[in-house]
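Student: Protein sequences appear in the order of chains A and B. Using my numbering, the first residue of the first sequence is number 7, and each one after it goes up by one. Using my numbering, the first residue of the second sequence is number 11, and each one after it goes up by one. Even glycine gets a Cβ: it sits at the ideal position worked out from N, Cα and C. Below is a structure I'd like to ask you about.
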Amino acid sequence: MKIKSYIYSLGVLFTVAVMLSSCEKELDFHYHDVEPQLVIEANLTQEGTTVLLTETAPMGEAMNTTPVVDATVTLTDITAGSTRALPLRDDGTFGDNIAGITGHEYRMEVMRGDKKYSSVCTMRQPTEITALEFEWIKMPYDYVAILQVSLTDPDTADDCYWIRLLRNGEPYMWNVTADMYTVDGIINHIIMTSRKDTDEEDEDKVLFDGDTVTAIVSPISHDMFDYIVALETDSNGPCMWEGDFCLGYFLASPAATATIVFRPDEMKEYK
Amino acid sequence: MISRYNFTICCCLVAMTSAAKENTDTIGSQELQEVVVTGQSARQRISGARFGSENLELTKLAQTPQLFGEKDIIKSITLLPGVRNEAEGAGGFEVRGGNAYQNLVTMDGMTLYNPSHMMGIFSTFNDDAMSRAVLHKGPIPAQLGGASSSALETYMKPGDMEQYHFSGTIGILNAKVAADGPIVKDRLSMSVAARRSYVDMFLKLIPEYKSTVMNFFDVNAKIRYKADRNNMVDVSFFASRDNLAISDLMAMRWSNVAGSVNWSSRAGDNLHFTTTAAATNYTTDAHMDIMDTSQKLTEYIRSFSLNERAVYSISDNHAVEFGARSELLRVKSAEMIVNDSHQREIRSGWQNAVWAGYEGTLSQRISLTAGARLSTFTSLSGRRFHAFEAINEDEPDFSSKTYINLEPRGSVKFNINENNNIKAGISLTTQNIHGIRSTTSTFPFDRYALTSEGVKPEHTVQYSAGYAGMTANGAWDWSAEGYYKSMDNIYDYKDGMTMTTRVNLESIILGGKGRSYGMELMLRKNSGRLTGWLSYTLSKTETRIPGINGGQWYRASNDCRNSIAAVGIYNLNDRWAISASWTYSSGKPLTAPDAKYELNGTTCYYYSGRNRYKTPASHRLDLSATYTRTGRKFTTIWSFGVFNAYCHYSPFVIYFEDDPSKPSGTRAVQQSLFGIVPSVSYTLKF
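As structure tokens, this is what we get:
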């Protein structure tokens, strides 16, 4: 019995030792210098247009969030045949409050110095968030809160969706889904959020009791779907703008919004 | 070098290099017992006419220190010059700038795909079951095809025709048993070896990991039937399976199941035939079932082949061979089932080859191997040969297309004197199954493209030259080789594409060229208490694919400038042996961001190109000690080991993330797989 206990203890000890022997450390990384690239983030929704121009920042410096304002931005409703310039606002963005029209094709054009950038997008059909639900799921290392976002999917082909989550009004995480997940006209998309042991969770992922999580769901094209997936896989993704090279996207899509409060004690466990 | 096993002596005459002489000795009526060649003398190593082929010394390789004390031929051959591990913990090996999917790996004529366990931490080769292995990294012999970089031929141990033998080993992570012996003495024998991990049994004792499944097993079995002195039939079977799961939520499984029948036949003393029928089924299965979402991804590769090889020994110094092969391939590159949606892509192909070869000594100074392989590949277009279902994707081109390829191969050796020679070789190879890697290492769920109208066969031309020498007594031998390799029609994912972006694999990959060149140096000590070797490889590998990196040449993902391996094995006495190995590899190419920006308040990264950075170098020291006690009936072996003895953390994954505590707001993080890993195992043989 004594030898058996010894072997058993040894086995557990070695197993745990091996699993704990991996390591994570910060690297002193030397980045290449590159010219700043223009980033165009253009959104047309049912509430109007917002275009934010920024530039990339070197990896070794703080993020550059200063808006670029020395540019001209125009929006053309190709379907209606009208063009308008988007005025510069006080917050450094370009835009107005004219809503996008479902089914209309739009062209966004930005001119900065001698460089020109344009992108075309069709205003997608709206979706509706039918439910937001948190449940605990048991993983080997801890319980993790799974957020299920349920949304309607029309009976058309090649519909994709961008799901952006805000935590207490601030950007939290994003995900994409597509109509291959549709069952009876509803997509149920699950997102892994915070683990139960908040001391062990990263600051950018942790959720505390009472936190408000807002889901913003925007129908997107398949190209936009590929672009967002590529951003998560060490790639710039397909270029979403024609003309001179820049980063970013133009999205014409009505956003559906829903909010849920994170109550860890009231959440049930998924079995 | 011929060595005695503890419990068996078998004899296997190699038909290619020895011609039977008419026996006029009246005393010689006793049948020679079988002897298995387990090693290779310095003389054999340097004097072999076939350039770049090496009979692997399995017993010696088995003495090198290994992770978890688990003897692993794949890990061991990465200590040889020109051969590298893909990455820390990865299962594949890379030869002269090729990637792991460009190697042909066979066992008794069966082709094995992704032969690794636990995501590559171990290979599927159980050393208890293995008899011998040959690695061809230079000109691949004409009888082998289907791989453009190298060929690793392995052979299972046949059962002893006289006596039964058993062994059992308990290690840190797995247990092994092996048995072999006669079913009918001198006529029919069997051997079987099995291995199963049990780390999940320990995990179940830890409450947090109670519902975790993490195990693997493999089984090797072989039956040998000696019909008469001229005919022998081997039936071999191999199965391996890996299971990783978290209760019913998610699971990943992959397996190789293969079988072969080898019929060896002699017609007279000089003519030898080998007929091989083989089949392989490699399958993968990953699924997730959480709340209202159910997803499943499966793939397979199935091959059925018939191979005929004839070797004719013209004389002691000359031999020719001829052969033919036919193989049917069926590849499901992916089947994705998401809730009610179903997508899949299946392709089939038929490849055939005939070859002829010559090996011989032309004079006292010159030896030659020369051969050619004529291969064809036809992508099959009939309805039963392909399938395609997808959501919002155009059907790919399944039309029939036949490619014909002539693959000359040869090498020449010139003896400067009896202890020194120079060699040169050339080979052209073709490959029709293209493994597309999702990361810089092979992954069980990587997708495979089959040659078709749109995907061309991969061609590789390799030129190599070298010098080999030894001391008169064979105590030391050394070699220096250089090579240049040019590759056409190598494939990689387009920027931003991953294995699940589209079902139609051809729509998300691009084809281009590759080139690799390098120099390999090797010094071996073969005698005395201390033996071992020192190897160094200097190499460069590049890729150029239109559509990636602006169509310019860029560092291939498997490029490694410098590799060093130093191995020492010291026999303290009859019972104790200690060994050490130190390995070093230059940093690997890394795609890292050059700048950052925000989208929707989330940090995103800008990449100016692929593989423009380098990871830190990898190096480690491994130690092992073996205590062997041989009794009359039993032999016991205790093996102790320390992997990564000075605990250097080599890079496994490097990623970039926000860090508010830093002025730049960003940090680069390196994850390493292994720190210092001790091991112990106990083996009993009788």
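1. Hey, is B/G38's beta-carbon within less than 8 Å of any beta-carbon in chain A?
2. By the 8 Å beta-carbon criterion, what residues does the region 169–181 of chain A contribute toward chain B?
3. For the alpha helix (DSSP H) containing B/V209, name the first residue and the last one.
4. From the beta carbon of A/M7, is the nearest beta carbon of chain B less than 8 Å away?
5. According to DSSP, is B/D299 helix, strand or coil?
6. Note down, in chain order, every chain B residue with its Cβ under 7 Å from the Cβ of A/G243.
7. Are the C-beta atoms of A/D210 and some chain B residue less than 8 Å apart?
8. Taking contact to mean at least 3 C-beta pairs separated by less than 8 Å, is the region 339–346 of chain B in contact with the region 374–385 of chain B?
9. At 3 residues or longer, what runs of the beta strand (DSSP E) sit wholly inside the region 88–151 of chain A?
10. Taking C-beta pairs closer than 8 Å, name the residues in chain A that B/I300 reaches, listed in chain order.
11. Compile a chain-ordered list of the residues in the region 118–131 of chain A whose CB is closer than 7 Å to at least one CB of chain B.
12. Classify B/Y458 as buried or exposed, calling it buried when 16 or more other Cβ atoms lie within 10 Å of its own Cβ.
13. Within 8 Å (strictly less), CB to CB, does B/R622 reach chain A?
14. Pull up the distance between the alpha-carbon of A/Y123 and that of A/A261, whole angstroms please.
15. Rounded to the nearest angstrom, how far is the Cβ of B/F653 from that of B/D632, given a contact under 8 Å?
16. If you measure from the beta carbon of A/Q43 to each beta carbon in chain B, is any gap under 8 Å?
17. Compute the Euclidean distance between the alpha carbons of A/D164 and B/Y111, then round it to the nearest angstrom.
18. To which residues of the same chain is A/A264 closer than 6 Å at the C-beta, ignoring the five residues directly before and after it?
19. Leaving aside the five residues before and after B/E463 along the sequence, list all residues of the same chain whose C-beta is less than 6 Å from its C-beta, in chain order.
20. Can you find a C-beta in chain B that's less than 8 Å from the C-beta of A/H228?
21. Nearest CA to the CA of B/H127: which residue from B/A204, B/I647, B/F227?
22. Write down the C-beta distance between B/S177 and B/K695 rounded to the nearest angstrom, noting that I regard them as a contact closer than 8 Å.
23. Inspect the beta-carbon positions of B/R197 and B/N240 and report whether they are closer than 8 Å.
24. Would you report the Cα separation of B/A289 and B/R554, rounded to the nearest angstrom?
25. Give me the DSSP bridge partner(s) of B/D228.
26. When Cβ atoms are compared, which residues of the region 672–688 of chain B fall closer than 8 Å to chain A?
27. Within the 8 Å Cβ cut-off, does B/K214 reach chain A?
28. Closest to B/S526 by C-alpha separation, out of B/P418, B/Q73, B/A237, B/V105, would be which residue?
29. Quick one: grab the DSSP three-state call for B/A29.
30. Kindly give me the distance between the Cβ atoms of A/R113 and A/V126, rounded to whole angstroms, as I take these residues to be in contact under 8 Å.
31. Anything in the region 625–652 of chain B with a Cβ closer than 8 Å to a Cβ of chain A? List those residues in chain order, please.
32. What residues from the region 392–403 of chain B come within 7 Å of chain A, judged by C-beta to C-beta, listed N to C?
33. Comparing the C-beta of A/L280 with each C-beta of chain B, is any distance below 8 Å?
34. By the 10 Å Cβ neighbour count, where 16 or more other Cβ atoms means buried, how is B/L215 classified, buried or exposed?
35. Look at the alpha carbon of B/T676 and the alpha carbon of B/V93, and state the distance between them as a whole number of angstroms.
36. For A/F214, is the classification buried or exposed, using 16 other Cβ atoms within 10 angstroms of its Cβ as the cut-off for buried?
Tutor: Answer, in terms of the structure:
1. Numbered from its first residue, the second sequence carries residue 38 of chain B at position 28. Confidence is the limiting factor: at B/G38 the pLDDT is only 47, short of 50, which leaves the residue's position unreliable, though a coordinate-based value still follows. Contacts with chain A at 8 Å (Cβ-Cβ) do not include B/G38.
2. For the region 169–181 of chain A, the beta-carbon criterion of a distance under 8 Å to any beta-carbon of chain B is satisfied by R170, E176, P177, M179, W180.
3. By one-based count along the second sequence, residue 209 of chain B stands at place 199. Run containing B/V209: 209–213, per the alpha helix (DSSP H) assignment.
4. The residue you call residue 7 of chain A lines up with position 1 of the first sequence. Summary for A/M7: the model assigns pLDDT 37, below 50, so the residue's position carries little reliability; its value from the coordinates is reported in the next sentence. So no, A/M7 is outside the interface.
5. Against the second sequence, residue 299 of chain B aligns to sequence position 289. Look at B/D299 here: in three-state DSSP terms it is strand.
6. Locating residue 243 of chain A in the first sequence gives position 237, counting from the first residue. Chain B residues near A/G243: G506.
7. Within the first sequence, the letter at position 204 stands for residue 210 of chain A. At least one CB of chain B lies nearer than 8 Å to the CB of A/D210.
8. In short, these stretches do not touch, since the Cβ pair count stays below three.
9. Unbroken beta strand (DSSP E) runs of no fewer than 3 residues, entirely contained in the region 88–151 of chain A, are found at 88–91, 100–102, 111–118, 121–128, 135–144, following chain order.
10. Locating residue 300 of chain B in the second sequence gives position 290, counting from the first residue. Around B/I300, the beta-carbon contacts reaching into chain A at under 8 Å are I143, I152, I196, Y276.
11. Of all residues in the region 118–131 of chain A, none has a C-beta nearer than 7 Å to a C-beta of chain B.
12. Locating residue 458 of chain B in the second sequence gives position 448, counting from the first residue. Result: buried.
13. Counting from 1 along the second sequence, the entry for residue 622 of chain B is found at position 612. Chain A contact via Cβ: present.
14. One-based indexing of the first sequence puts residue 123 of chain A at position 117. One-based indexing of the first sequence puts residue 261 of chain A at position 255. If you take the alpha carbons of A/Y123 and A/A261, they lie about 25 Å apart.
15. Here the question's residue 653 of chain B lines up with position 643 in the second sequence. Here the question's residue 632 of chain B lines up with position 622 in the second sequence. Between B/F653 and B/D632 the beta-carbon gap is near 5 Å, inside 8 Å, which marks them as a contact.
16. Position 37 of the first sequence, counted from the start, is the residue given in the question as residue 43 of chain A. So, interface residue.
17. Working through the first sequence from its first residue, we reach residue 164 of chain A at position 158. Working through the second sequence from its first residue, we reach residue 111 of chain B at position 101. Going by the C-alpha atoms only, they are around 34 Å apart.
18. Mapped onto the first sequence, residue 264 of chain A falls at position 258. These residues qualify, in order along the chain: I135, L138, A221.
19. In the second sequence, the residue the question calls residue 463 of chain B occupies position 453. The residues are D407, S409, K411.
20. Position 222 of the first sequence holds residue 228 of chain A. Any Cβ of chain B closer than 8 Å to the Cβ of A/H228 would place that residue at the interface, and such an atom is present.
21. For the purposes of this step, residue 127 of chain B is taken as residue 117 along the second sequence, with counting starting at 1. Nearest option by C-alpha distance: B/F227.
22. On the second sequence, position 167 is the one that residue 177 of chain B refers to. On the second sequence, position 685 is the one that residue 695 of chain B refers to. Contact flag correct, Cβ pair sits at about 4 Å.
23. As a working mapping, residue 197 of chain B is identified with position 187 in the second sequence. As a working mapping, residue 240 of chain B is identified with position 230 in the second sequence. For B/R197 and B/N240, no; Cβs fall outside 8 Å.
24. Locating residue 289 of chain B in the second sequence gives position 279, where the first residue counts as 1. Locating residue 554 of chain B in the second sequence gives position 544, where the first residue counts as 1. Using only the alpha carbons, I get a separation of about 35 Å.
25. Taking the first residue of the second sequence as 1, we reach residue 228 of chain B at position 218. Per DSSP, B/R205, B/S250.
26. Going along the region 672–688 of chain B in chain order, one finds P673, S674, G675, T676, R677, A678, V679, Q680, Q681, S682, L683, F684, G685, I686, V687, P688 with a Cβ nearer than 8 Å to chain A.
27. Here residue 214 of chain B corresponds to residue number 204 of the second sequence, with the count starting at 1. Output row for B/K214: interface = no.
28. Reading the second sequence from its first residue, position 516 is the one you call residue 526 of chain B. Checked all of B/P418, B/Q73, B/A237, B/V105; the closest Cα to B/S526 is B/V105.
29. Indexing the second sequence from 1 puts residue 29 of chain B at position 19. Annotation note: pLDDT 33 at B/A29 (below 50); position unreliable, no value reported.
30. Indexing the first sequence from 1 puts residue 113 of chain A at position 107. Indexing the first sequence from 1 puts residue 126 of chain A at position 120. Yes, A/R113 and A/V126 are in contact; Cβ-Cβ is about 5 Å, under 8 Å.
31. When C-beta distances to chain A are compared with 8 Å, the residues of the region 625–652 of chain B below that value are P626, in chain order.
32. Cβ proximity to chain A below 7 Å picks out I401, N402 from the region 392–403 of chain B.
33. This structure cannot settle anything about residue 280 of chain A, because the visible part of chain A is limited to 7 through 277.
34. Within the second sequence, the letter at position 205 stands for residue 215 of chain B. Counting of Cβ neighbours within 10 angstroms places B/L215 among the exposed residues, the total staying below 16.
35. Residue numbering aside, residue 676 of chain B sits at position 666 when the second sequence is read from its first letter. Residue numbering aside, residue 93 of chain B sits at position 83 when the second sequence is read from its first letter. Between B/T676 and B/V93, the C-alpha separation is close to 36 Å.
36. Locating residue 214 of chain A in the first sequence gives position 208, counting from the first residue. By the Cβ neighbour-count rule, A/F214 is exposed, with fewer than 16 other Cβ atoms within 10 Å of its own.
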